[in-house]
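Quick note, the sequences are listed as chains A and B, same order. Per the numbering used here, the very first residue in the first sequence carries number 132; after that it's consecutive. Per the numbering used here, the very first residue in the second sequence carries number 132; after that it's consecutive. Written below as structure tokens is the structure these notes are about.
Number of protein chains: 2
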Amino acid sequence: MARVKNQIAAGVDLGGTTFSVGLLTREGEVVAHQQYDTPRSDGEPLSLEAIVAAVSGTMESATVKPHELAAVGVGIPGPVDPEAGTIKQCPNMHELDGVNVVELVGEGVGAPAFIGNDAYCATLAELRYGAGRDVERLVMFTLGTGVGGGIALGDSVQRGPRQIMGEVGHIIVDPDGPPCGCGSYGCLEAIVGRDGIVGRVALLMREGRASSLAEMSGEGHGLLTPKMVSEAAEAGDAVACEVIEETGYYVGIALCDCIVLCDPDLIVIGGGIAAAGDLLFEPIRSTVRRRSMISGFDTTKIVAAELGSEAGMYGAAALAWEGTGG
Amino acid sequence: MARVKNQIAAGVDLGGTTFSVGLLTREGEVVAHQQYDTPRSDGEPLSLEAIVAAVSGTMESATVKPHELAAVGVGIPGPVDPEAGTIKQCPNMHELDGVNVVELVGEGVGAPAFIGNDAYCATLAELRYGAGRDVERLVMFTLGTGVGGGIALGDSVQRGPRQIMGEVGHIIVDPDGPPCGCGSYGCLEAIVGRDGIVGRVALLMREGRASSLAEMSGEGHGLLTPKMVSEAAEAGDAVACEVIEETGYYVGIALCDCIVLCDPDLIVIGGGIAAAGDLLFEPIRSTVRRRSMISGFDTTKIVAAELGSEAGMYGAAALAWEGTGG
Numbered sequence: 132m133a134r135v136k137n138q139i140a141a142g143v144d145l146g147g148t149t150f151s152v153g154l155l156t157r158e159g160e161v162v163a164h165q166q167y168d169t170p171r172s173d174g175e176p177l178s179l180e181a182i183v184a185a186v187s188g189t190m191e192s193a194t195v196k197p198h199e200l201a202a203v204g205v206g207i208p209g210p211v212d213p214e215a216g217t218i219k220q221c222p223n224m225h226e227l228d229g230v231n232v233v234e235l236v237g238e239g240v241g242a243p244a245f246i247g248n249d250a251y252c253a254t255l256a257e258l259r260y261g262a263g264r265d266v267e268r269l270v271m272f273t274l275g276t277g278v279g280g281g282i283a284l285g286d287s288v289q290r291g292p293r294q295i296m297g298e299v300g301h302i303i304v305d306p307d308g309p310p311c312g313c314g315s316y317g318c319l320e321a322i323v324g325r326d327g328i329v330g331r332v333a334l335l336m337r338e339g340r341a342s343s344l345a346e347m348s349g350e351g352h353g354l355l356t357p358k359m360v361s362e363a364a365e366a367g368d369a370v371a372c373e374v375i376e377e378t379g380y381y382v383g384i385a386l387c388d389c390i391v392l393c394d395p396d397l398i399v400i401g402g403g404i405a406a407a408g409d410l411l412f413e414p415i416r417s418t419v420r421r422r423s424m425i426s427g428f429d430t431t432k433i434v435a436a437e438l439g440s441e442a443g444m445y446g447a448a449a450l451a452w453e454g455t456g457g
Numbered sequence: 132m133a134r135v136k137n138q139i140a141a142g143v144d145l146g147g148t149t150f151s152v153g154l155l156t157r158e159g160e161v162v163a164h165q166q167y168d169t170p171r172s173d174g175e176p177l178s179l180e181a182i183v184a185a186v187s188g189t190m191e192s193a194t195v196k197p198h199e200l201a202a203v204g205v206g207i208p209g210p211v212d213p214e215a216g217t218i219k220q221c222p223n224m225h226e227l228d229g230v231n232v233v234e235l236v237g238e239g240v241g242a243p244a245f246i247g248n249d250a251y252c253a254t255l256a257e258l259r260y261g262a263g264r265d266v267e268r269l270v271m272f273t274l275g276t277g278v279g280g281g282i283a284l285g286d287s288v289q290r291g292p293r294q295i296m297g298e299v300g301h302i303i304v305d306p307d308g309p310p311c312g313c314g315s316y317g318c319l320e321a322i323v324g325r326d327g328i329v330g331r332v333a334l335l336m337r338e339g340r341a342s343s344l345a346e347m348s349g350e351g352h353g354l355l356t357p358k359m360v361s362e363a364a365e366a367g368d369a370v371a372c373e374v375i376e377e378t379g380y381y382v383g384i385a386l387c388d389c390i391v392l393c394d395p396d397l398i399v400i401g402g403g404i405a406a407a408g409d410l411l412f413e414p415i416r417s418t419v420r421r422r423s424m425i426s427g428f429d430t431t432k433i434v435a436a437e438l439g440s441e442a443g444m445y446g447a448a449a450l451a452w453e454g455t456g457g
């Protein structure tokens, strides 16, 4: 079937090792999806020309013509200025700091370009095409090395004038808790981010508890990831189960704060450790149930993210559609 | 000067002991303001006729003609259904449970009527006529017997579909903290509401600390109020100062959560204990400063409420203006 003008949006999800390009219809149908190595392994700085070339290459492979491309969205793993179209800071890819993506990618691709940070894109992706497609109010948690997230109210993801609305990883869940990279103490990220989870596994093992994670943890437990902990928990490892349950408890505390401050219809939990399923979700839900007695608090649904590692690509394409008024 | 049609809104702030009626222009000029005893002292139930009569009486006293009244707003000390126009539950005045205020007061007064809960009204009042009149995003905390509040984003106070958005008193500031009336533990209200503050004063006195509050605290410290504690602190009482400082710390923790979830331009603190001034605000601000290292977090202004005990009346009138599209 021949395509009409402006029928496709491109979404670019930029990462330090790889980046992916997706071509999506407004309804979220994936016409093409390709992954590329981020061209930095030889010490060369990443240039936006590489992104432009990848978008063009993906379009050619799917026989998408230039006039069919409505817009391109680029998701950045760091803070951006969406109005100016610039990257404020790109950790691990500092050659992009201050670069005007909207101008350079837009000119290169020959279509309007838009940028958003990766947490914004993941939230928008779940809102438009994932677990939140039937709601207008959601809070998203992405539990990974750090804890990212976002808030959608009135069917749009909101970041606020300082671009900090939805930084759910910095909700204080234990005021006497461990220091966080942000300078505060006891933030959710400090407790259930990668370092917090691995640290608690290590502590239990130091206390003499046996765990299948011991043999894979490496020097100083440097090889452990939250995903490995969630897999060990699924396999019945008692130490891993205990850490996942405690993780669920602290996530639940943060959810309670989101409920009274945002009144969401839905809370979406993604990231590597969400693979633990009920082992994680049961303590989250029971904490919210026990902690939220005010009428109506417990009507907020808590579900797993649906788009997984493709959320960034979906979200970048959704960003492009939003930018064109779609 | 003769007034034109629809130039005045009436605001009714309903309380268990007294209620007040204000007549305000759209710009917030108070044309008249009267306080009435809530007619329940003789055991009779409160009727809306008494409210209608008070609005009419206040209008007559200020020679405001019926055609000059654009609308009336009624602030209720309990949860409401603003769309249906009904009171869900009115603690201490259960005879009003389920009553349709919009219909009965509207017919009685002969102008459109609107209802909101008191926390909504206080927030709207500060947004329109008080500390927040120059901003579009604010979070309000009212520190009283309980801890109420509200959130304004995009220049309107938002309560969410379940009417719980902005229940800042139930932010969890210490997950192992004391039980809260809501059924949870360690909510801000459980620690810095009346019972929490008085309980901490009592604890310090039981530990043998001398305090000017001892002589006025009554049987089981039943006579102490947060306002008395803030006045004693201002007079230099060490126990009171310590409790106010600790209160500021916990309020500061809650503010940090509001900053990452709402990105407000301004946080407004009202209620009896806010009279303690810098004794309260300094620990609040230093907690937020120490806890909010992410770029931009510390640009949120934290100020005292401006409208004091009249916030409810101002807010009810603002509600009326909003209802008429003002």
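C-beta: ideal position from N, C-alpha, C; glycine also.
So, with DSSP's three-state summary, where would you put residue i?
i	result
Asp144/A	strand
Val304/A	coil
Ile295/B	coil
Leu255/B	helix
Val135/A	coil
Pro309/B	coil
Leu438/A	coil
Thr149/B	strand
Ser88/B	The structure shown does not extend to residue 88/B, since chain B spans only 132 to 457, so no value can be given for it.
Indicate whether at least one CB of chain A lies closer than 7 Å to the CB of residue i.
i	result
Met271/B	no
Pro222/B	no
Glu298/B	yes
Ser417/B	no
Pro309/B	no
Arg420/B	no
Glu225/B	The question names Glu, but residue 225/B in the sequence shown is His. No, its Cβ sits nowhere closer than 7 Å to a Cβ of chain A.
Asp249/B	no
Asp228/B	no
Ser315/B	yes
Ile328/B	no
Asp368/B	no
Considering only DSSP beta bridges, list what residue i is partnered with.
i	result
Val270/A	Ile282/A and Ile398/A
Ile246/A	Val205/A
Tyr260/A	DSSP, once it has assigned bridges, lists no residue as partnering Tyr260/A.
Leu450/A	DSSP, once it has assigned bridges, lists no residue as partnering Leu450/A.
Please confirm if residue i has its CB atom under 7 Å from at least one CB of chain B.
i	result
Asp212/A	no
Arg293/A	yes
His198/A	no
Ile322/A	no
Cys387/A	yes
Val391/A	yes
Pro306/A	yes
His164/A	no
His301/A	yes
Ser287/A	no
Asp409/A	no
Asp265/A	no
Ile207/A	no
Ile384/A	yes
Asp144/A	no
Do the stretch 137 to 155 of chain B and the stretch 205 to 225 of chain B touch if we need at least three Cβ pairs shorter than 8 Å? yes
Entirely enclosed alpha helix (DSSP H) segments - the stretch 321 to 389 of chain A, minimum 4 residues: 325 to 337 and 357 to 365
Examine the Cβ distances between the stretch 288 to 302 of chain A and the stretch 349 to 367 of chain A and report whether three or more of them are shorter than 8 Å. no
Continuous beta strand (DSSP E) assignments of at least 3 residues falling wholly in the stretch 164 to 242 of chain B: 200 to 207
Using 8 Å as the threshold, is the stretch 276 to 296 of chain A in touch with the stretch 246 to 260 of chain B, meaning 3 or more CB pairs across them? no
Validate contact between the stretch 429 to 439 of chain B and the stretch 187 to 206 of chain B using beta carbons, cut 8 Å, 3 pairs: no
Hey, is the stretch 411 to 425 of chain B in contact with the stretch 302 to 311 of chain B, meaning 3+ C-beta pairs nearer than 8 Å? no
Below 8 Å, can you find three or more Cβ-Cβ pairs linking the stretch 235 to 246 of chain B to the stretch 207 to 221 of chain B? yes
Is the stretch 316 to 327 of chain B close to the stretch 366 to 382 of chain B, with three or more CB pairs under 8 Å? yes
Contact the stretch 150 to 161 of chain B vs the stretch 434 to 446 of chain B: 3+ CB pairs below 8 Å: yes
Count Cβ pairs between the stretch 240 to 251 of chain A and the stretch 358 to 370 of chain A that sit closer than 8 Å; are there 3 or more? no
Can at least three beta-carbon pairs, one atom from the stretch 268 to 277 of chain A and one from the stretch 390 to 401 of chain A, be found at a separation below 8 Å? yes
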